[in-house]
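*Asks:*
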Amino acid sequence: MAGSTLREVGAALADLVLPRTCAGCGVPGRSVCPPCAALLTVPRLAQPRRFPVGLPPTVAAGAYAGPVRPLVNAFKEHGRAELARPLGAALALAVAAVRLGSLHPAAPVVLVPLPASRAALRARGRDHVRELTSRAVTELRAAGVPARQQRLLRRRGRVRDSAGLTPAQRRANLAGSFAPDPGAAAPPPGALLVLVDDVVTTGATLCEAARVLSAGLAPDSAPVLAAVVAATPRPSGTTPGACPGPGPYRLPTVPGHDLDRLSGPRRRD
Ligand SMILES: [Zn+2]
Numbered sequence: 000m001a002g003s004t005l006r007e008v009g010a011a012l013a014d015l016v017l018p019r020t021c022a023g024c025g026v027p028g029r030s031v032c033p034p035c036a037a038l039l040t041v042p043r044l045a046q047p048r049r050f051p052v053g054l055p056p057t058v059a060a061g062a063y064a065g066p067v068r069p070l071v072n073a074f075k076e077h078g079r080a081e082l083a084r085p086l087g088a089a090l091a092l093a094v095a096a097v098r099l100g101s102l103h104p105a106a107p108v109v110l111v112p113l114p115a116s117r118a119a120l121r122a123r124g125r126d127h128v129r130e131l132t133s134r135a136v137t138e139l140r141a142a143g144v145p146a147r148q149q150r151l152l153r154r155r156g157r158v159r160d161s162a163g164l165t166p167a168q169r170r171a172n173l174a175g176s177f178a179p180d181p182g183a184a185a186p187p188p189g190a191l192l193v194l195v196d197d198v199v200t201t202g203a204t205l206c207e208a209a210r211v212l213s214a215g216l217a218p219d220s221a222p223v224l225a226a227v228v229a230a231t232p233r234p235s236g237t238t239p240g241a242c243p244g245p246g247p248y249r250l251p252t253v254p255g256h257d258l259d260r261l262s263g264p265r266r267r268d
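Counting from 0, one number per residue, gives the positions in the sequence shown under numbering that gives the first Met the number 0.
(1) What does a CB cutoff of less than 6 Å around Pro112 pick up in its chain, not counting 5 residues either side in sequence?
(2) Do you know whose CA, among Ser262, Pro218, Thr231, lies nearest Glu64's CA?
(3) Taking the CB atoms as reference points, tell me whether Leu110 and Val52 lie closer together than 8 Å.
(4) With a threshold of 7 Å, establish whether the CB of Pro66 neighbours any heavy atom of ligand 1.
(5) State buried or exposed for Gln168, treating a residue as buried only when at least 16 other CB atoms are found within 10 Å of its CB.
(6) Quick check on the burial criterion: 16 or more other C-beta atoms within 10 angstroms. Buried or exposed for Thr57?
(7) The beta strand (DSSP E) spanning Leu151 covers which residue range?
(8) When the Cα atoms are used, what is the spatial distance from Ala225 to Leu152?
(9) If you compare alpha carbons, which of Cys32, Asp126, Pro69, Leu44 is closest to Arg154?
(10) Is Thr20 helix, strand or coil by DSSP?
(11) Report the residue ranges of all beta strand (DSSP E) runs contained in full by the region 21 to 94; include only those spanning at least 3 residues, in chain order.
(12) Please name the residue, chosen from Ala135, Leu139, Ala96, that lies closest to Asp197 on a Cα-to-Cα basis.
(13) With C-beta atoms as the reference, is Gly23 less than 8 Å away from Val67?
(14) Taking C-beta to C-beta, are Pro234 and Arg48 nearer than 8 Å?
(15) Buried or exposed: which applies to Leu205, given that a residue is buried once 16 or more other Cβ atoms fall within 10 Å of its Cβ?
(16) Buried or exposed, going by whether 16 or more other CB atoms sit within 10 Å of the CB of Ala59?
(17) Any residue with its Cβ nearer than 5 Å to a heavy atom of ligand 1 should be included. What is that list in chain order?
(18) Below 6 Å CB to CB, which residues in the same chain sit around Pro114 once its five sequence neighbours on both sides are set aside?
(19) Once DSSP output is grouped into helix, strand and coil, what is the label at Ala122?
(20) Any idea if Pro243 is buried or exposed, counting beta-carbon neighbours within 10 angstroms, 16 or more meaning buried?
(21) In this structure, how does DSSP classify Arg260 when only helix, strand and coil are distinguished?
(22) In terms of residues, what are the limits of the beta strand (DSSP E) holding Pro186?
(23) Locate the alpha helix (DSSP H) running through Ala135, then write down its first and last residues.
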């Protein structure tokens with residue numbers, strides 16, 4: 000808590016001395032300029048090149064491409080804490096979209112952040128997905144969506160870097176890497192569980208997390224869903240596969256999103 004307050008104070012102080020630039024494209028002015036913010040207002044179903052078996056229906060607020068990559072990385076790796084707000088708003092939009100497209104579009108949502116590995120926590124000194132999740136819950140509640148955050152999963156064991164692994168090796172590498180958090184209270188009955196993360200690439204991690212989360216649910220529970228800030232776009236020229244996730248899922252049309260929530264107030268003092 001103290002750490003995040005300190006970071007906010009630090010960001011506010013940095014505002015006083017450093018000219019603010021868009022973390023996506025570098026233009027001076029706001030932390031995220033309106034054109035870059037607009038890239039995160041286009042919810043879409045994540046479509047990895049190969050759908051891993053068991054990938055939950057996953058909605059992203061935008062494509063992980065172009066200025067969105069440096070935007071997410073500025074928050075994740077380079078300490079631009081002020082980006083929690085716009086990126087949290089983007090995550091909230093993805094959660095709202097995945098909920099609207101589910102069979103229970105009015106159900107309360109429980110956001111389940113993907114827990115960071117111990118190595119990632121050590122390297123960054125913070126859990127950036129939890130920060131995004133908290134911000135998204137605030138945004139959803141402000142929009143009238145009953146939402147809360149619950150840590151239902153924890154990390155277990157070690158996972159090696161998955162770069163260069165085949166899908167089967169990736170699955171084996173991740174198997175057993177999540178476990179139910181023994182200290183977590185049961186989610187409220189009837190709530191939709193939405194796994195949340197910053198970016199989805201292959202979907203392998205979300206698959207494994209959804210498998211563990213689903214295993215602890217009653218058989219008549221709604222299927223686990225997922226929402227992310229951004230998804231790696233499918234390479235052009237490849238055909239999207241059908242999402243083999245549980246049950247039918249169609250992404251709904253989402254009402255226009257307030258861009259100011261993503262690009263911040265027009266005027267900075
Ligand atoms: Zn920009």
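Positions of the beta carbon are idealized from the N, C-alpha and C atoms, including for glycine.
*Replies:* Taking the structure as given:
(1) Val128, Arg129, Thr132, Val195
(2) First, the amino acid is wrong: residue 64 is Ala here, not Glu. Of the listed residues, the one whose Cα sits closest to Ala64 is Thr231.
(3) no
(4) yes
(5) exposed
(6) buried
(7) That residue, Leu151, is in no beta strand (DSSP E); it is neither H nor E in DSSP.
(8) 14 Å
(9) Asp126
(10) strand
(11) 57 to 62
(12) Ala135
(13) yes
(14) yes
(15) buried
(16) buried
(17) Cys21, Gly23, Cys24, Cys32, Cys35
(18) Leu152, Arg153, Arg154
(19) helix
(20) The predicted model places Pro243 with a pLDDT of 47, which falls under 50 and marks its position as unreliable, so this point remains unresolved.
(21) helix
(22) That residue, Pro186, is in no beta strand (DSSP E); it is neither H nor E in DSSP.
(23) 127 to 141
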